[in-house]
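So the sequence shown is residues 226 to 488, counted in the numbering used here. Beta carbons are placed, not taken as given, at the ideal position from N, Cα and C, and that holds for glycine. Okay, so here's the structure we're looking at.
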Amino acid sequence: MDNIFDTNNLYPGYESKLKQHFGHYFDNVFIAFSPFFHLNKNEQGALKISPKNTISLTELQEKDHTFKNLKPFDGRVIYTQNPNYPTDEEIIKDGIIVPWQYVLEHGGFSELSEINLALRTSIGALRDIYKKEDLNKILDDFTIKNGIFHPTEGRITILSLMKIYHCLTAIGKLELIVTDEFFYGRKTLNISEFTCSEFILKVRGYMYFFPIDRSLLFTIDWDSFFFLICGDQDLLHQIIPKFEFEGFYCNDETMHNWDFKEL
């Protein structure tokens with residue numbers, strides 16, 4: 226068995242069972258949801274709730290001439306970053322978590338997997354046959370009405386990084402290794418040298434985080450609105466409730482596409 230830390234195998238393939246992939250290193254895996262949020266000082270409706278916008282091909286070509294020869298295609302949806310989404314600094318200062326459970330109970334959903342499917346649909350992460358536009362509309366209607374912002378995908382979000390910082394500091398795991406998506410930029414940080422805000426601005430954009438003793442792993446994949454917390458049972462049972470990570474523990478069959486078994 227290759228060492229997942231040294232062979233850059235820190236997230237399993239989509240056909241792999243999550244606990245099995247990490248089984249030689251950790252006995253438990255927790256799926257942690259990237260939280261929704263609102264801003265403490267934001268007037269309702271002042272900022273758009275999704276980090277992504279859709280634009281037409283013409284708009285894209287006007288913005289970037291690189292795409293001037295791109296031909297129209299009926300099935301193509303073009304996504305761009307929403308410039309009106311809160312900045313990292315705004316989220317650090319005024320972001321207040323809105324749990325998925327709240328969205329489930331008040332937003333018209335029947336299970337948490339529907340929220341994940343709605344989010345994945347919103348960024349074009351699903352093929353047409355799997356898109357859930359009805360769920361996406363339910364989510365948008367609810368979040369817009371209530372001034373709730375969607376999480377971003379593919380990176381551990383600002384509010385989750387805050388929890389990770391406080392978690393690692395509290396349990397004395399101060400030497401932290403962070404790695405980018407292509408495993409080119411691995412670096413070791415002593416997080417005691419940073420305030421929480423400094424830490425977040427230092428590591429935002431990285432995908433894999435683990436203390437130097439490899440007793441924990443925080444890892445995420447492209448287009449995901451959740452990340453994995455891997456560790457031994459006793460440690461996870463200590464930190465998950467204490468630092469209020471929201472989600473669920475994997476069973477022996479849980480895979481990356483836990484929300485849609487047909488994928």
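Taken in chain order, the unbroken stretches of beta strand (DSSP E) that lie wholly in the stretch 384 to 417 and span 3 residues or more are 400 to 404, 412 to 415. Only residues of its own chain outside the window of five on either side were considered, and among them F255, I256, A257, F258, F451 have a CB closer than 7 Å to the CB of G472, listed in chain order. Around the C-beta of Y239, fewer than 16 other C-beta atoms lie within 10 Å, and the residue is accordingly described as exposed.
In terms of Cβ geometry, F470 and I373 do not form a close pair [threshold 8 Å]. At the C-beta level, A343 and N361 come within 8 Å of one another. In this structure, L264 sits near D319, with a CB-CB distance shorter than 8 Å. Taking the CA atoms as reference points, N415 sits about 9 Å from K398. Between T420 and K244, the C-beta spacing is not below 8 Å. Per DSSP, A350 lies in no alpha helix (DSSP H) segment and is marked neither H nor E.
The three-state reading of DSSP puts K244 in helix, counting H, G and I together. Judged by DSSP in its simplified three-state form, N234 adopts coil rather than helix or strand.
Taking a 10 Å sphere around the C-beta of N476, we find fewer than 16 other C-beta atoms and assign the residue as exposed.
Between I321 and the set I340, K388, E330, the nearest pair of CA atoms involves K388.
For L337, same chain residues with a beta-carbon under 7 Å away, outside a window of 5 residues either side, are W325, L329 in chain order. Under DSSP, L442 takes part in a beta bridge, and its partners are C455. In the DSSP annotation of this structure, F255 is not part of any alpha helix (DSSP H); the continuous beta strand (DSSP E) holding it starts and ends at 253 to 258.
Ranked by how close their Cα comes to the Cα of Y250, the residues R439, W483, N482, P308 have R439 in first place.
T444 is the residue among T444, H391, D353, I396 whose C-alpha sits nearest the C-alpha of P237.
Judged by beta-carbon spacing, N228 lies beyond the 8 Å limit of D457, meaning their Cβ atoms are not closer than that value. Assigned with DSSP and collapsed to three states, G430 falls in coil, not helix or strand.
Annotated three-state conformation of G332 is helix, per DSSP.
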